[in-house]
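To keep things clear, I will list the structure first and then write my remarks on it.
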Amino acid sequence: MKNNILVIGSGAREHAIVRALDRSTQEKAIYCLASNMNPGIAELCTDFTVGNINDPEIVVSFAKETDATLAIVGPENPLAQGVADALWGAGVKTIGPKKDLAQLETSKAFTRNLLKAYNIPGGPKYQTFDTLDGVAEFLNVLGENYVVKYDGLAGGKGVKVAGDHLHTHDEALAYCQELVDSGGEFVIEEKFVGEEFSLMSFCDGDNLKHMPAVQDHKRAYEGDTGPNTGGMGTYSDANHGLPFLNDDDIAEAHAINIATAKALKDNFGEGYKGILYGGFMATANGVKLIEYNARFGDPEAMNVLPLLDSDFIEVCNGVTDGTLNNVEVKFRHKATVCKYAVPEGYPDSPTKGEPIDVSKVKNLDGLFYASVDIQNGQLVEAGSRTVAVVGMAETISDAEKITEKEVSAVSGPLFHRKDIGTDDVVKKRVDHMNSLR
Ligand code: AMP
Ligand code: GLY
Numbered sequence: 021m022k023n024n025i026l027v028i029g030s031g032a033r034e035h036a037i038v039r040a041l042d043r044s045t046q047e048k049a050i051y052c053l054a055s056n057m058n059p060g061i062a063e064l065c066t067d068f069t070v071g072n073i074n075d076p077e078i079v080v081s082f083a084k085e086t087d088a089t090l091a092i093v094g095p096e097n098p099l100a101q102g103v104a105d106a107l108w109g110a111g112v113k114t115i116g117p118k119k120d121l122a123q124l125e126t127s128k129a130f131t132r133n134l135l136k137a138y139n140i141p142g143g144p145k146y147q148t149f150d151t152l153d154g155v156a157e158f159l160n161v162l163g164e165n166y167v168v169k170y171d172g173l174a175g176g177k178g179v180k181v182a183g184d185h186l187h188t189h190d191e192a193l194a195y196c197q198e199l200v201d202s203g204g205e206f207v208i209e210e211k212f213v214g215e216e217f218s219l220m221s222f223c224d225g226d227n228l229k230h231m232p233a234v235q236d237h238k239r240a241y242e243g244d245t246g247p248n249t250g251g252m253g254t255y256s257d258a259n260h261g262l263p264f265l266n267d268d269d270i271a272e273a274h275a276i277n278i279a280t281a282k283a284l285k286d287n288f289g290e291g292y293k294g295i296l297y298g299g300f301m302a303t304a305n306g307v308k309l310i311e312y313n314a315r316f317g318d319p320e321a322m323n324v325l326p327l328l329d330s331d332f333i334e335v336c337n338g339v340t341d342g343t344l345n346n347v348e349v350k351f352r353h354k355a356t357v358c359k360y361a362v363p364e365g366y367p368d369s370p371t372k373g374e375p376i377d378v379s380k381v382k383n384l385d386g387l388f389y390a391s392v393d394i395q396n397g398q399l400v401e402a403g404s405r406t407v408a409v410v411g412m413a414e415t416i417s418d419a420e421k422i423t424e425k426e427v428s429a430v431s432g433p434l435f436h437r438k439d440i441g442t443d444d445v446v447k448k449r450v451d452h453m454n455s456l457r
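When you line the sequence shown up against the numbering used here, it's residues 21 to 457, in that order.
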């Protein structure tokens with residue numbers, strides 16, 4: 021049977037998804053419903069249409085037009101709007117959870133409550149609020165180790181961490197007041213100290229197959245300074261672990277993902293079909309769960325999908341059909357480093373509409389388009405993370421050198437973090453972890 025595959029979204033993550041689909045030897049046609057022009061995706065698709073990816077009706081009507089048999093939802097917003105529910109309703113098998121199950125990402129309180137109810141390890145002390153009642157008392161319980169999280173999707177901007185964004189209980193109370201005034205619920209939780217990593221698993225409702233661990237860098241500037249971003253770059257190691265993690269850490273993260281999938285099925289009577297992306301922190305007291313996302317990470321997808329040795333369409337069918345246990349999911353044993361080139365001024369006041377030139381990049385397979393546009397035949401920045409570059413080698417150190425050379429060859433009013441994946445920075449992570457254990 022021919023696979024008609026619909027990809028929803030048009031960033032670098034979706035470019036990585038489309039490339040992985042394109043590598044499959046199965047008979048297929050790929051379609052993309054996009055939020056912006058992505059020349060890398062467009063050249064691999066039978067049809068590339070720009071439209072409102074967050075409107076379930078528009079998505080379903082595009083799925084019908086293209087006779088889609090399988091859909092892959094890239095970003096979280098369509099999941100929050102019930103796009104997966106609508107697609108399943110129209111008979112399209114979908115990678116990405118239905119709206120209720122996507123609460124794992126869209127509601128921080130939901131996730132904390134679920135893990136607590138099912139005694140899943142890795143959770144912090146926490147309380148949920150929708151007024152200031154009890155906030156000062158709970159802050160006193162946590163002392164200087166607290167995090168305040170807006171309980172909804174906020175593009176990474178709703179989380180404020182003590183010592184980082186909040187310096188006194190008065191500042192924390194003022195932020196909570198802001199959240200109350202805007203009618204939002206929020207969570208206050210214990211702050212963990214350690215090293216963060218992402219561990220994504222394919223999940224078919226019952227069975228999980230895990231991907232290599234990845235470390236993201238959320239801060240805009242070198243040395244992990246500056247404002248939070250969607251992620252400036254990532255690395256993964258040839259052994260599918262990370263230099264600062266041991267086998268037990270990876271096993272604990274796997275176990276938390278497995279237990280969470282089971283809890284979701286028990287709670288909703290229906291399994292989670294999609295990517296279960298645990299954002300973890302390795303601490304002196306074991307692996308802790310920072311958050312869940314209900315989709316591939318961006319940039320993490322650009323690290324792991326190019327390593328996938330198995331047929332991606334087979335893996336996707338395993339996820340949607342509940343037969344993942346019968347599918348081999350193998351990743352190559354190579355290290356990867358991904359760096360984003362982003363507009364000058366990103367994330368607060370990015371330049372926009374300025375031409376960029378990628379013609380000096382040597383390995384086009386390692387180049388992923390993100391927030392770009394074509395104006396008068398010219399590739400321009402569209403204001404968010406612009407292009408990602410991935411290098412692959414036997415070691416993180418060698419992969420970093422490849423990536424750095426290639427990302428520096430992208431010209432335009434852009435910047436990137438030179439430090440991601442360098443020996444110095446990786447050593448700092450290892451030393452930090454060793455100092456804690
Ligand atoms: P989130 O959106 O929940 O991933 O939070 C964004 C960032 O805030 C995370 O990547 C962490 O760096 C930080 N963070 C969130 N929760 C905690 C926590 N409980 N302890 C320490 N850092 C946290
Ligand atoms: N890499 C962070 C995210 O995808 O949310």
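We put the beta carbon where it would ideally sit given N, CA and C, even for glycine.
Original post:
How far does the beta strand (DSSP E) with C52 in it reach, from first residue to last?
Top reply: Start and end: 48-54.
**OP:** Express the C-alpha separation of D257 and S81 in angstroms, rounding to a whole number.
**Re:** Rounded to whole angstroms, the gap between the alpha carbons of S81 and D257 is 41 Å.
**OP:** Taking E466 as part of the beta strand (DSSP E), name the residues at either end of that continuous run.
**Re:** Absent from the structure is residue 466, since the part of the chain shown begins at 21 and ends at 457.
Original post:
If we call anything under 8 Å between Cβ atoms a contact, is V381 one with A429?
Top reply: Yes, the pair counts as a contact, with Cβ atoms nearer than the cut-off.
Original post:
Is the beta carbon of M301 within less than 7 Å of some heavy atom of ligand 1?
Top reply: For ligand 1, at least one heavy atom lies less than 7 Å from the Cβ of M301.
Subject >> CA-to-CA distance, A408 to Q46, given in whole angstroms >> reply: When rounded, the distance between both Cα atoms is 27 Å.
Subject >> Inter-residue Cα distance where the pair is L121 and W108 >> reply: Those two C-alpha atoms are separated by around 14 Å.
Subject >> Secondary structure of P247, DSSP reduced to three states >> reply: DSSP places P247 within a strand segment (E or B) once states are collapsed to three.
Subject >> For M252, the residue or residues it bridges with in DSSP >> reply: Paired residues: none, contrary to the question.
Original post:
What are the residues that DSSP puts in a beta bridge with Q398?
Top reply: According to DSSP, Q398 bridges with Q395.
**OP:** Kindly indicate which three-state DSSP category L262 falls into: helix, strand or coil?
**Re:** Three-state result, L262: coil.
Subject >> Residue range of the alpha helix (DSSP H) that includes I61 >> reply: Segment 59-62, the alpha helix (DSSP H) holding I61.
Original post:
So N23 is in the beta strand (DSSP E); what residue range does that whole segment cover?
Top reply: Its beta strand (DSSP E) spans residues 23-28.
Original post:
Of all the alpha helix (DSSP H) runs that stay within the bounds of the stretch 128-159, which reach a length of 4 or more residues?
Top reply: Annotation note: the stretch 128-159 contains the following uninterrupted alpha helix (DSSP H) runs of length 4 or greater, listed N- to C-terminal: 128-137.
**OP:** Answer yes if the stretch 254-268 comes into contact with the stretch 332-348, meaning at least three C-beta pairs across the two stretches below 8 Å, and no otherwise.
**Re:** Cβ pair count under 8 Å is below three, so no.
**OP:** May I have all residues whose beta carbon comes closer than 5 Å to any heavy atom of ligand 2, sorted in chain order?
**Re:** Qualifying residues, in the order they occur: D236, G251, G317, D318.
Original post:
P363 bridges to which residues according to DSSP?
Top reply: Bridge partners of P363: L434.
Original post:
Taking just the CA atoms, how far does H185 sit from G246?
Top reply: Cα-Cα distance, rounded: 11 Å.
**OP:** For Y389, write down the residues that DSSP places opposite it in a beta bridge.
**Re:** Looking at the DSSP output, Y389 shares a beta bridge with V407.
**OP:** Could you tell me if L462 is buried or exposed, where buried requires 16 or more neighbouring beta carbons within 10 angstroms of its beta carbon?
**Re:** Coverage of the chain is limited to positions 21 through 457, which leaves residue 462 absent and any answer about it impossible.
Original post:
If you count every other CB in all the chains shown that lies within 10 Å of the CB of L384, and 16 or more means buried, which is it?
Top reply: L384 comes out exposed.
Original post:
Is any heavy atom in ligand 1 found nearer than 7 Å to the beta carbon of P144?
Top reply: Result yes, Cβ under 7 Å from ligand 1.
Original post:
If you run the structure through DSSP and keep just helix, strand and coil, what is K293?
Top reply: In this structure, K293 counts as strand in the three-state DSSP scheme.
**OP:** Would you mind working out which of A129, D105, K128, F130 sits nearest K119, comparing C-alpha positions?
**Re:** Among A129, D105, K128, F130, the Cα nearest to that of K119 belongs to D105.
Original post:
Would the beta-carbon of F351 fall within 8 Å of that of V324?
Top reply: Yes, these two residues count as a Cβ contact at 8 Å.
Original post:
With a cut-off of 8 Å, does the C-beta of A233 fall near any C-beta of chain C?
Top reply: Given the protein chain composition of this structure (a single chain), no chain C is represented.
Subject >> Inter-residue spacing [alpha-carbon to alpha-carbon] between K128 and N396 >> reply: Per the coordinates, the alpha-carbon of K128 lies some 43 Å from the alpha-carbon of N396.
Original post:
Quick one: is the Cβ of I310 within less than 7 Å of any heavy atom of ligand 1?
Top reply: Yes.
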